[in-house]
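Shown next, in structure tokens, is the structure this report addresses.
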Amino acid sequence: MTRVGVRELKAHLSQYLRQARAGETVVITERGREIATLTGIGQREGLRELIERGVVKWSGAGLDVTAGTPVHVHGEPLSKTVLDQRGPR
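So in our numbering the end of the sequence shown lands on 399, straight run, no missing numbers.
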């Protein structure tokens, strides 16, 4: 997930549209507050299909994007730790 201010979004709109098309969610902020999300059409269609099939239920409420806020930790990336534990190939 990428966070971007309105001014930055306007200046580099094509870049953020490419990211959304590739499946990334772009959270748009104004003065540091989240105001909108930009996602690719494919993501919405996939969710709509799950709702229609009865796999998931939607309350009609907006998505709480703060629930997925990444946690920043110090140290080596987890991917490096996993590769180190796997050993040589």
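Cβ coordinates follow ideal geometry from the N, Cα and C atoms, glycine included.
Taking DSSP as the reference, what is the three-state secondary structure of A321?
By 1-based counting over the sequence shown, the position of residue 321 is 11. A321 falls in the helix class under three-state DSSP.
Cβ distance (whole Å) where L323 is taken to contact I338 below 8 Å
Your numbering for residue 323 matches position 13 in the sequence shown. Your numbering for residue 338 matches position 28 in the sequence shown. In fact, because the Cβ distance is near 11 Å, the residues do not count as touching under 8 Å.
Considering Cα atoms alone, identify which of R341, D394, E334, G370 is closest to Q318.
The residue given as residue 318 occupies position 8 in the sequence shown. Note on residue identity: the sequence assigns Glu, not Gln, to residue 318. Minimum Cα distance to E318 is reached at R341.
Beta strand (DSSP E) containing V314: first to last residue?
Translated into the one-based positions of the sequence shown, residue 314 becomes position 4. Where V314 is concerned, the enclosing beta strand (DSSP E) stretches over 312-315.
Could you give the residue range of the alpha helix (DSSP H) that holds T391?
On the sequence shown, residue 391 is found 81 positions in, with the first residue counted as 1. Counting along the chain, the alpha helix (DSSP H) containing T391 begins and ends at 388-396.
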